[in-house]
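Take the position in the sequence shown, starting the count at 1, then add 9; the result is the number in this note's numbering.
Everything below concerns the one structure shown next.
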Amino acid sequence: ENLNRTTSAMSTVGSPHVEETAIIESPIEKVWKVVRPLDFKFLPDVENVEVLASDGDKKQVTSDSVGGLRKIKYKKSTQTVKILEISDINYSITYDLIMAEPAVGFSSAVYTIKLQRVTENGS
10 ENLNRTTSAM STVGSPHVEE TAIIESPIEK VWKVVRPLDF KFLPDVENVE
60 VLASDGDKKQ VTSDSVGGLR KIKYKKSTQT VKILEISDIN YSITYDLIMA
110 EPAVGFSSAV YTIKLQRVTE NGS
């Protein structure tokens, strides 16, 4: 995979915005199959991901639906995230960082991974 990465940061008072882009030479449907489970297998520092099937209110939800939780064990930390939105039409998934050990230096973080076709052949 050829990966070109650009990072930009724009900051406003109390609300930073960071955006990263990458070009992956693969069909969007194939990349979405890797991203959609939100198991972070594509990140080299992720050691384990535990998929939890209930949200903070203890309602039962399926593990791959809105409200599903992931406990992600990195080499130096553990984070729990909650899925806020999934769009199979727009190839995007949004999740909220709800817990971190050790604690992180910010009060909240919402992340979105969005895939877009950028080549002539639609991949």
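Every residue gets a Cβ at the ideal spot worked out from N, C-alpha and C, and that includes glycine.
Leaving aside the five residues before and after residue i along the sequence, list all residues of the same chain whose C-beta is less than 6 Å from its C-beta, in chain order.
i, result
"residue 90", "79, 104, 106"
Quick one: what's residue i bridged to in DSSP?
i, result
"residue 80", "59, 89"
"residue 123", "101"
"residue 96", "101"
"residue 128", "BP columns for residue 128 are empty, so no partner."
"residue 112", "None, per the DSSP bridge assignment."
"residue 106", "90"
In its own chain, which residues sit with a C-beta less than 8 Å from the C-beta of residue i, not counting the 5 before and 5 after it?
i, result
"residue 56", "82, 83, 84"
Just the Cα atoms here: how many angstroms apart are residue i and residue j?
i, j, result
"residue 74", "residue 37", "20 Å"
"residue 128", "residue 44", "19 Å"
"residue 97", "residue 121", "13 Å"
"residue 20", "residue 95", "Because residue 20 carries a pLDDT of 42, less than 50, the predicted location of this residue cannot be relied on, and the following value inherits that uncertainty. Whole-angstrom Cα-Cα distance: 26 Å."
"residue 110", "residue 118", "15 Å"
"residue 59", "residue 126", "30 Å"
"residue 61", "residue 52", "20 Å"
"residue 93", "residue 31", "23 Å"
"residue 123", "residue 100", "6 Å"
"residue 48", "residue 88", "12 Å"
"residue 35", "residue 102", "19 Å"
"residue 76", "residue 46", "13 Å"
"residue 116", "residue 42", "31 Å"
"residue 113", "residue 50", "22 Å"
Go through its chain and collect everything with a Cβ distance to residue i's Cβ below 7 Å, but skip five positions before and after it.
i, result
"residue 86", "109, 110, 111"
"residue 54", "83, 84"
Considering residue i, what are the terminal residues of the alpha helix (DSSP H) in which it resides?
i, result
"residue 40", "37-44"
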